[in-house]
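Report on the following structure.
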Amino acid sequence: MADFSTSRAIAASGMAAQAERLRFLSENISNADTPGYRRKTASFQEVLDAGQSTGKVQIGPVELDQAALERVYDPSHPLAGDDGYYDGSNVNLVVEIADAREAQRSYEANLRVFDQARQMSRSLFDLLRR
Amino acid sequence: MFERLEILAIARDLAVHAGARQTVTAENVANADTPGYRARDLPDFSEIYRSGKMETSLRQTRASHMDLASRGMVAFAEDTDGAASPNGNTVSLESELVRAADIRSQHNRALSVYGASLDMIRAAIGRSR
């Protein structure tokens, strides 16, 4: 019986991590045109309890992508330098959208596992009702 | 005759195995995007049952030891061999969902056998439904 609550907790940690990842992605997308913005990336890591794997997942520390900022030519822009260029953001919308699709796919898989654990424990309780 | 009904014991063990395997699958799916994570799976029920591991699960002999007993059969999980993605992760969501469907039918099978055996016992004592 403890198995099903464990597996529901694990699936829920997966959904929470994917949702947090989606939040960083939406921050990146909304700041795609912010001058000097560096895209945020975060990696997943296992949750350890006293050095022992618990199977749960969490999102790791946020890092800023150190890729070169895009140089945009616009002499009328207030931030433009002497040569007429200013630093844009290093967000690539295609990468962000692809990442968002992957997050959605993983979220749905976690949801399916959660639902299945729920149904299995319910059918276990149905034994008592016979 | 009714001290220990073998069929109920086997059905129970099969359901326990399905539950433990469901936990391992949940771990794999949750870590589907964790770099370097290796997908794991439990051996088949027949394998575990024949090797007698059902009775001899890992026990804690000292309070300071790692608590593997609370993880139950999950502690028997082994790495599966699958192709690793560039970040070293070997989880394939497709095979995990197929495995989840297998687990579902295994669990249903165990509960049906258990329920039908209970019905037979009830019928034997004259309380059929």
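Sequences listed follow chains A and B, in order.
According to this note's numbering, the first sequence holds residues 1 to 130 in order.
According to this note's numbering, the second sequence holds residues 1001 to 1129 in order.
Backbone N, C-alpha and C define an ideal beta-carbon position, used for all residues, glycine too.
Because the structure is a prediction, the values reported are computed rather than measured.
### MET1(A) to ARG122(A) span [Cα, whole Å]
Residue placement at MET1(A) is flagged as unreliable, the pLDDT there being 49, under the threshold of 50; a coordinate-derived value is accordingly withheld.
### Query
Can you round the beta-carbon distance between VAL1098(B) and ASN110(A) to whole angstroms, since I take them to be within the 8 Å contact cut?
Distance from VAL1098(B) to ASN110(A) at the Cβ level is roughly 16 Å; contact not present, criterion being Cβ atoms closer than 8 Å.
### Query
Using the C-alpha atoms, what's the distance from ARG1109(B) back to GLU1006(B)?
So the two alpha carbons sit approximately 16 Å from each other.
### Task
Note down the Cα distance separating THR1090(B) from GLY81(A), rounded to an integer number of angstroms.
Here the C-alpha atom of THR1090(B) lies approximately 48 Å from the C-alpha atom of GLY81(A).
### Query
Per DSSP, ILE59(A) forms a beta bridge with which residues?
In DSSP, ILE59(A) forms a bridge with PHE44(A).
### Message
So PRO1035(B) contacts chain A; which residues on that side make the cut at Cβ distance below 9 Å?
### Response
By Cβ distance, chain A contributes SER43, PHE44 and GLN45.
### Query
Should ALA32(A) and SER89(A) be called a contact, given that it needs their Cβ atoms to be closer than 8 Å?
A contact, by the Cβ cut-off of 8 Å.
### Task
Within its chain, find whatever has a CB closer than 7 Å to the CB of VAL1024(B); leave out the 5 residues flanking it on each side and keep chain order.
Hits under 7 Å: ARG1040, ASP1041, LEU1042, VAL1074 and ALA1077.
### Query
Do the CB positions of VAL57(A) and ALA42(A) come within less than 8 Å of each other?
Result no, Cβ atoms of VAL57(A) and ALA42(A) do not sit closer than 8 Å.
#### Entry: Residue environment, ASP3(A), which counts as buried when at least 16 other CB atoms sit within 10 Å
Buried, because 16 or more other Cβ atoms sit within 10 Å of the Cβ of ASP3(A).
### Task
Run down chain A in chain order and give the residues with a C-beta less than 7 Å from the C-beta of GLN1106(B).
Within chain A, no residue comes near GLN1106(B); the closest Cβ sits about 10 Å away, beyond 7 Å.
### Task
Give the C-beta separation of ASP87(A) and LEU69(A) to the nearest angstrom, bearing in mind that I take them to be a contact with Cβ-Cβ under 8 Å.
ASP87(A) to LEU69(A), Cβ: 4 Å. Contact.
### Query
Where do the N-terminal and C-terminal ends of the alpha helix (DSSP H) with VAL113(A) fall, by residue?
Looking at the DSSP string, the run of the alpha helix (DSSP H) that includes VAL113(A) is 93-126.
### Message
Taking 8 Å as the threshold (beta carbon to beta carbon), is ALA1083(B) in contact with chain A?
### Response
Answer no: the Cβ-Cβ gap between ALA1083(B) and chain A never drops below 8 Å.
### Task
Verify the CB distance criterion: does SER7(A) have a CB-CB separation below 8 Å to chain B?
At least one chain B Cβ lies under 8 Å of SER7(A).
### Query
Can you tell me whether LEU127(A) is buried or exposed, with buried defined as 16 or more other CB within 10 angstroms of its CB?
That one is exposed.
### Query
Helix or strand or just coil, what does DSSP make of THR54(A)?
Strand.
### Task
Flag ALA68(A) as yes if its beta-carbon sits less than 8 Å from any beta-carbon of chain B, otherwise no.
The C-beta of ALA68(A) comes no closer than 8 Å to any C-beta of chain B.
### Query
Per DSSP, what kind of secondary structure is ASP1119(B) in: helix, strand or coil?
The three-state secondary structure of ASP1119(B), taken from DSSP, is helix.
### Message
Looking only at its chain, what residues have a beta carbon closer than 7 Å to the beta carbon of SER26(A), apart from the 5 residues adjacent to it on each side?
### Response
No residues qualify anywhere along the chain.
### Task
Would you give the residue range spanned by the alpha helix (DSSP H) that ASP1013(B) belongs to?
1006-1030 is the extent of the alpha helix (DSSP H) around ASP1013(B).
### Query
Considering VAL1050(B), what are the terminal residues of the alpha helix (DSSP H) in which it resides?
A quick correction: the sequence has Arg, not Val, at residue 1050(B). Where ARG1050(B) is concerned, the enclosing alpha helix (DSSP H) stretches over 1045-1050.
### Query
DSSP puts TYR73(A) in a beta bridge; with which residues?
Assignment of beta-bridge partners to TYR73(A) by DSSP yields TYR85(A).
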